[in-house]
Amino acid sequence: MIKSIDLSDRSVTLVGLKEVIEDCQHILDSVNTSDKNSQNLVDLVKDKLSMVEIELSELQKRE
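If you want it as C-alpha cells, here you go:
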C-alpha cells in the first residue's frame, strides 16, 4: 500500500494517485456489508473512484 505520493513530477504524481485509488478499491472490496444501505454506499464510492481512475488515465495519455 502506498504511503506517500511523489509530487516532484506530474507523470509520477498521476501514477501515485492511480495507485492510491487502486488501494482504496481493494479496501472497499474487503468491506463486509451486512445491510443494503452500507452496500449501496460502498458501491457508490467504488463507482466514484472508477470515474476518477478513468480521468487519471486520460491525463496520463496526454503526458
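Numbering-wise (our numbering), the sequence shown opens with residue 1 and increments by one. All residues carry an ideal CB built from backbone N, CA and C; glycine is no exception.
Thinking residue i and residue j are a contact (beta carbons under 8 Å), I'd like their distance in whole angstroms, please.
i	j	result
K46	L28	5 Å
L25	T33	Reading the sequence as shown, one finds Gln at residue 25 and not Leu. With 8 Å as the limit, Q25 and T33 do not qualify as a contact, their Cβ atoms being about 15 Å apart.
I21	E58	At roughly 14 Å, the Cβ-Cβ gap does not stay under 8 Å, so I21 and E58 are not in contact.
When you compare the CB positions of residue i and residue j, do they come within less than 7 Å of one another, or not?
i	j	result
Q60	L7	no
M51	D23	no
E63	S11	yes
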